[in-house]
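> Below is a structure I'd like to ask you about.
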Amino acid sequence: MSTHAFTESEERQELRKQVAKLAATYGRDYFVEKARSGGKTTDLWMAIAKNGYLGINIPEEYGGGGGGIGDIAAVCEELSAQGCPLLLMVVSPAICGTIIARYGTEEQKQKWLPGLCDGTGTMAFAITEPDAGTNTHNITTTARRDGDGWVLNGRKIWISGIDEADNVLVVARTEDARTGKLKPCLFVVPTDAQGFEANAIPMEIVSPENQFQVFMDDVRLPADALVGDEDGGLVQLFAGLNPERIMAAAFSLGLARYALRQATAYAKEREVFGQPIGAHQAIAHPLAQSHIEIEMARLMNQKAAALLDAGEEMAAGEAANMAKYAAAEAACDVVDRAVQTHGGNGASQEYGMAGLLVATRVGRIAPVSREMILNFVSMHSLGLPKSY
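Each residue of the sequence shown is one higher than the one before, starting from 1 at the first, in the UniProt record's numbering.
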């Protein structure tokens, strides 16, 4: 019987090895130092790009590696596993890259994709709004036609990396001339556009990547700022959401693996009562349990990526949601166990465990809450009535 469905290809395994090797030359200390000093991880980002990993999921004719979502997820996970979780990996190549590669015009692909691949044209993504949250149908940011172009008005919140991105892919609504109904559309907006303002949100997370509230006041855009078909609506938007969930799972899984590695190493060397604490089941069993939970979530994420790369959109949606849920749960649990394993050292900056508590906890909330995933599974997997 073939086991290829359960093990990644040799190419993927080699990719993981090379990314891990590169990320290890930077490591957790580098990441934390940048975060605490207000610095940026630009040199790591550019090193990933230079080695061809950043745009590995983008078609080769636009400077990418021609791989699938599973490849870029592997890059994201291995970076996280070395203590360098780069949030913009989720956004720039995976969400924006996927949407533009699939729905952009030839001119738009030529214009935007090479920069996503070589790191010079990082793109943020703006969907969440203060009054809409998870309810995408309540988005109030509007785009109206003005001559040949568009004018955008509205506000967004929890937008990552605006200070590191030249452009942001904004989800807005246009008015359907026939029905008068508002429908979602995607626009590439330069972050230095007139009328575009972004304010950083103070966060408790140890991360060099910032979160922003964004205000758009009569931001004028050319006709070609609209990505895809004006009538494509939700289909185009959702094309970026399955990759987002798979990448979020990879992000959580990498952090989970990092925490487990640190806890295990500590449990082997820390001696109390004449032997390493890892010899005690009270320490060993929770870490073993986490290893199992992490591996199960990784397998589900592998399945989600394989389905998405095979074009099985609906099945991929279910698997991606489940993978993201499982990965966030595994990450939160293992970090809690890692802190406990370290005892008092678990709260110290020196050992760096406590900072992971908030970083992994956010995985239960963003980019989609665990409750909304449970709603999805209740409805689509179990056929239960909709609750909202």
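The C-beta atom is built at its ideal place from N, Cα and C for all residues, glycine as well.
This one's a predicted model, so the numbers in the text were calculated from it and none came from an experiment.
By the 10 Å Cβ neighbour count, where 16 or more other Cβ atoms means buried, how is residue 60 classified, buried or exposed?
exposed
> Considering residue 174, what are the terminal residues of the beta strand (DSSP E) in which it resides?
From DSSP, the beta strand (DSSP E) with residue 174 extends over 167-175.
> Does the pairing of the region 71-85 with the region 257-265 give three or more beta-carbon distances under 8 Å?
Verdict: yes, contact present.
> Are the Cβ atoms of residue 241 and residue 327 separated by less than 7 Å?
no
> Measure from the alpha carbon of residue 119 to the alpha carbon of each residue in 172, 45 and 298, then state which is nearest.
Closest by alpha carbon: 45.
> Less than 7 Å between the beta carbons of residue 244 and residue 367, yes or no?
yes
> Helix or strand or just coil, what does DSSP make of residue 17?
helix
> Could you give the DSSP three-state label for residue 129: helix, strand or coil?
coil
> Could you tell me which residues DSSP puts in a beta bridge with residue 376?
Bridge partners of residue 376: none, in fact.
> Who are residue 153's beta bridge partners in DSSP?
142
> How far does the beta strand (DSSP E) with residue 198 in it extend, from its first residue to its last?
196-201
> Could you give the DSSP three-state label for residue 54: helix, strand or coil?
coil
> Would you please state the rounded distance, in angstroms, between the beta carbons of residue 200 and residue 214? I believe it to be under 8 Å.
Actually they are not in contact, since the Cβ atoms of residue 200 and residue 214 sit about 11 Å apart, beyond 8 Å.
> Tell me the rounded alpha-carbon separation between residue 381 and residue 64.
Each residue's CA atom was taken as its position, placing residue 381 and residue 64 some 35 Å apart.
> When you compare only the Cα positions, how much space is there between residue 273 and residue 289?
Pairing residue 273 with residue 289, the inter-Cα distance amounts to about 24 Å.
> Can you give the Cα-Cα distance for residue 376 and residue 362, rounded to whole angstroms?
Their Cα atoms are separated by approximately 19 Å.
> Would you say residue 168 touches the ligand FMN, meaning its beta carbon is less than 6 Å from a heavy atom?
No copy of the ligand FMN appears in this structure; indeed no ligand is present at all.
> Can you give the Cα-Cα distance for residue 90 and residue 76, rounded to whole angstroms?
8 Å
> How close, in whole Å, do the beta carbons of residue 62 and residue 22 come, if the pair is a contact with beta carbons under 8 Å?
Going by Cβ atoms, the distance from residue 62 to residue 22 rounds to 23 Å, so no, they are not a contact pair.
> Taking the alpha-carbon positions, what's the residue 354 to residue 28 distance?
Looking at the two C-alpha atoms, the distance is approximately 14 Å.
> So, are the CB atoms of residue 287 and residue 227 less than 7 Å apart?
No.
> Measure the beta-carbon distance from residue 297 to residue 323 and round it to whole angstroms, keeping in mind my assumption that it falls under 8 Å.
6 Å
> Please classify residue 222 as buried or exposed, where buried requires at least 16 other C-beta atoms within 10 Å of its C-beta.
exposed
> If you check the beta carbons only, do residue 230 and residue 161 fall under 7 Å apart?
no
> I'd like to check one pair, residue 220 with residue 151: are the Cβ atoms closer than 7 Å?
yes
> Beta-carbon separation of residue 308 and residue 58 under 7 Å?
Contact: no.
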